[in-house]
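Student: Its first residue numbered 956, the sequence shown is counted upward by one per residue in my numbering.
Every residue gets a Cβ at the ideal spot worked out from N, C-alpha and C, and that includes glycine.
Below is one structure. I have some questions about it.
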Amino acid sequence: MSDMLGAWGRWVYRFRWWLLAASALSLAPASVILIQGASLEAGTMLTTTESGRAASLMARQLPGPPVSFELILSSATLRATDRAFREEVERALAPLKADPRVARVRTPYDVRSPDPAMLSRDGRRARVVVELAVRSSGLVTLGFSSVSPEVYASLRAKVQSRTLEVVGAGMLAINHDFVEVAKRDLKRAELVILPVVVVFLLLAFGSVVAALLPLGVGLLAMIGGIAGTELLARHMSVSAYAPNIVTMIGLGVAIDYSLFIVNRFREEIGRRTVPEALARTMSTTGRAILFSGVTVAIGLLGMLVLGLGNIGSLGLAGTIVVALSVLYGLTFLPAALAILGPRVNALSLPRLGFLGLGGGSGFWHRLAALVMTHPWRFFLPAAALLLLLGQPFLHIRLGAGDVTALPRWAEARRGAELLAREFPGDDETPIIVVLSYRDGSPLSPPRVGEVYDLSRWLVKLSGVTAVRSLLDLSPDMSREDYQRFVKIPQAMWPPEIQAAVSRMVGERIMLLAVSTSHSPGSDEARALVRGIRASHPPVDGEVLVTGPTAFDLDFMGVVQRNAPFAIALVVVATYAALLILLGSVLLPLKAVIVNLLSISASYGALVWIFQDGHLSRWLDFTPGPIQTATPIIMFCLIFGLSMDYEVLLLSRVREEYERTGDNVLAVGAGLERTGRLITWAGAIMAAVFFAFALADSVVIKAVGVGIGIAVVLDATVVRALLVPATMRLMGTWNWWVPGPVARLARMARPEMGQPAARGVSADGGRGISSRRRP
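Encoded structure:
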């Protein structure tokens, strides 16, 4: 592959202007896609779980109420029963009532005396329900709707008042705010990231021209990645957080890869012609970033096997931007370098030279010598530090995201808090029990008797405040009364009971709505759902439980079932890629173990900060359980990104080992020659991720901070100390490879060289222990 990439470097030099033009032209289709835009989604739906199956049955067999959202109108001086308050409400709602998308607007004033259920406890707020000309389905019980956030935004904008405060609430408002907050976070992060990255690149290279090249690759990859994400959204459900993830990964990875290539080219241009310098750069660093891109993509694609709905779209979107980072890093960047040649160092900033990649290597030479001489003194403290940092992860608490994941200023959060605080009944959590039958009517006398028993059993459970079903319409009717009643032809039933049947009874299902005062993510609510599922009275059909708490439990169940397989797939695939790259059996295993230590440390920091709330005032968020999918998403992201520096370091070590045949010399020289580069690359990538600490979305904030910490640890403690110390202790076992595996690796890498003098041969020979010198 090195020969192939070397030939590619020469080809790029020959057609450099054409490649540069093609790269610029690639922006045209991306721009068209970005201008057209696409709709992203705040939530994810799992239809194969118990809660998802129940919601799907409701969607198919019940008509569902109209899709709706709520408005809370408040006054500091007027009471909601005052005439002036009422007249202002009517004036503010007039544009909504005239909109053809709105079927009905329900206010407290629809009856002669204002409805007390729609007035707040303090009497200064009125609640309004806006029903759209669209029917919802059972999926609304899990917070999903076919109405786009844009529709809600346009309707909400119509309601303005000069004297009343208007606050939107309900799932439409929440979904809209999640999407909008994600967009705001992305714009803010981009404004912070770009100038910080420019400064870091200038410090690293000490040259304006060299600094702008990685930034150009990063911008190309990011623009293409976001365009690819929006293209995906036209054909599948894509998470609203996908553009944020694309920006994080795209800028971080693309700039890192470019940093490695530009730095290697600057090394080579001093002793070779431009075509040969480019060929050498591509055959070494080009190969490293190609394999690094593969390992990062492997981690990201692990999200696809999790079975977590549109969370898989994060993996696809991330893979697109990583592929573009590698593509532009192997086309646009070498074409630009071919054109510039020695002028890559133009517009130099001499005063910054000692700080950057061109500065002296004395520190890294001394560190390499110390690590090679005293490996245990570095291995034990480094490993202990990572284990200590990971300790808080042992008390992690997972939970579904709720409205508190929005910033305090978000209107939907303020609306939800007002409803829970000021309006009776809105502080209760719904648990929907669905009885599903294979055949026959749910309203047969025997089944009605079973449902009656289930309803009375449910109402006695601890924490249940009410049960509403067809068999709870009259407290005076007994089990036998209901069984006799359903024998009467339905055409003779009172209209109110027929209406209840249309809402609660389908062709093969019947619903029971259970209310509890426990919050959806509480241990008590979860225990209640588990208890209903595990020990309900026997019935002829199947008892399914849905609602926010049930969905939360099912989501965690899917993660617990699928995460081990996803992790194993990522680990095994990454191991295979590193085995081919390095021609070693044990080095990839070491890389996997060290990566897991690094990830555990970032998990511990995640829990310490976002669950325990130690930095909540500084980072401005509400502490709470870690969102269920966050750890596995972080694993897929961090595992691949951490391999970025592993591949760079070990590729250089392998190169030195093939040249010298001495393990200690190879490891020491590899650390000395890549230490400064990895430090700067880690600083830039960490800056990209830490910029998202400014996000208002707790999910994006947590992912940004968590991965930023992982990158810092990886570029310092892990790559500078733990990895070289481990390789020094492993000695020539680093390069041991059995004959069959060696032949397989040689088939993939025919150019893989033999050690020059001493060491283990590529076909598994005994080798000679390395000399004890740096």
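Are the region 1165-1173 and the region 1590-1609 in contact at 8 angstroms, needing three or more beta carbon pairs?
Tutor: The answer is no - the region 1590-1609 does not touch the region 1165-1173, with fewer than three Cβ pairs under 8 angstroms.
Student: Within its chain, find whatever has a CB closer than 6 angstroms to the CB of ALA1680; leave out the 5 residues flanking it on each side and keep chain order.
Tutor: VAL1326, PRO1330, PHE1333 and PHE1334
Student: What is the DSSP secondary structure of ARG1080, counted as helix, strand or coil?
Tutor: strand
Student: Straight-line CA distance for ILE1259 to GLY1179?
Tutor: Residue identity check: residue 1259 is Leu in the sequence provided, not Ile. Taking the straight line joining both Cα atoms gives about 21 angstroms.
Student: State buried or exposed for LYS1052, treating a residue as buried only when at least 16 other CB atoms are found within 10 Å of its CB.
Tutor: exposed
Student: Just the C-alpha distance for ILE1244 and GLN1016, rounded to the nearest angstrom, thanks.
Tutor: 53 angstroms
Student: Need the endpoints of the alpha helix (DSSP H) that THR1250 sits in, please.
Tutor: 1242-1256
Student: Going along the chain, which residues of its own chain have a beta-carbon closer than 7 angstroms to the beta-carbon of VAL1525, five neighbours each way excluded?
Tutor: ILE1253, GLY1254, GLY1257, CYS1591 and PHE1594
Student: So what does ASP1662 bridge to, in DSSP terms?
Tutor: Checking the displayed sequence, the identity of residue 1662 turns out to be Ile instead of Asp. Beta-bridge pairing links ILE1662 to no other residue.
Student: Where does PRO1385 fall in DSSP's three states?
Tutor: strand
Student: With distances taken Cα to Cα, identify the nearest neighbour of GLY1262 among GLY1173, PRO1578 and PHE1520.
Tutor: PHE1520
Student: What are the uninterrupted segments assigned as alpha helix (DSSP H) that are 4 or more residues long and contained completely in the region 1637-1696, given in chain order?
Tutor: 1653-1668 and 1678-1685
Student: Between ALA985, ARG1046, LEU1342 and GLU1185, which lies nearest to LEU1551 when the distance is taken from Cα to Cα?
Tutor: The option with the nearest alpha carbon to LEU1551 is LEU1342.
Student: Determine the DSSP secondary structure at PHE1576, reduced to helix, strand or coil.
Tutor: Here PHE1576 sits in coil by DSSP.
Student: Which parts of the region 1380-1452 are runs of the beta strand (DSSP E), unbroken and 3 residues or longer, counting only runs that do not cross its ends?
Tutor: 1384-1391 and 1419-1423
Student: Where does ARG969 fall in DSSP's three states?
Tutor: helix
Student: Are there three or more Cβ pairs, one per stretch, closer than 8 angstroms when the region 1647-1666 is compared with the region 1212-1230?
Tutor: Segments in contact, no.
Student: Is VAL1281 near GLY1248, with beta carbons less than 8 angstroms apart?
Tutor: yes
Student: Counting beta carbon pairs with one atom in the region 1198-1215 and one in the region 1170-1188, are three or more of them shorter than 8 angstroms?
Tutor: The region 1170-1188 vs the region 1198-1215: in contact.
Student: Determine the DSSP secondary structure at PHE1024, reduced to helix, strand or coil.
Tutor: strand
Student: Given a cut-off of 8 angstroms on the beta-carbon distance, is the pair LEU1537 and LEU1483 in contact?
Tutor: no
Student: Suppose the cutoff is 8 angstroms on Cβ atoms and the five residues either side in sequence are ignored; what does the same chain contact list for THR1420 look like?
Tutor: Hits under 8 angstroms: GLU1383, SER1470, THR1471 and SER1472.
Student: Taking a contact to mean a Cβ-Cβ separation below 8 angstroms, would you say SER1731 touches SER1068 in this structure?
Tutor: Nothing can be reported for residue 1731, as the shown portion of the chain is limited to 956 through 1729.
Student: From ASN1199, GLY1270 and LEU1233, pick the residue whose C-alpha is nearest to that of ARG901; which is it?
Tutor: There is no way to answer for residue 901, as the model of the chain reaches only from 956 to 1729.
Student: Can you give me the start and stop residues for the alpha helix (DSSP H) that GLY1264 sits inside?
Tutor: Annotation: GLY1264 is outside any alpha helix (DSSP H) and is labelled neither H nor E by DSSP.
Student: Once the 5 residues before and after ALA1182 are set aside, which same chain residues still bring their CB inside 6 angstroms of it?
Tutor: Correct list, in chain order: ALA985, ILE988 and LEU989.
Student: Identify every residue that forms a DSSP beta bridge with GLU1497.
Tutor: SER1391
Student: What residue does the alpha helix (DSSP H) around THR1529 start on, and which one ends it?
Tutor: 1503-1537
Student: Can you tell me which of the three DSSP states ILE1487 falls into?
Tutor: helix
Student: With the cut-off set at 8 angstroms, would you say VAL1106 and LEU1026 are in Cβ contact?
Tutor: no
Student: If you measure from the beta carbon of LEU1335 to each beta carbon in chain C, is any gap under 8 angstroms?
Tutor: The chain labelled as chain C is not found in the depicted structure, where only one protein chain is given.
Student: Please state whether DSSP places MET1013 in a helix, a strand or coil.
Tutor: helix
Student: Which one or two residues does DSSP pair with ARG1059 in a beta bridge?
Tutor: GLU1086
Student: Just verifying my parser: in three-state terms, what is the DSSP assignment at GLN1115?
Tutor: coil
Student: Give the straight-line distance between the Cα atoms of ALA1532 and VAL1547, rounded to the nearest whole angstrom.
Tutor: 12 angstroms
Student: Is it buried or exposed, ALA1112, if we count other Cβ atoms within 10 angstroms and call 16 or more buried?
Tutor: exposed
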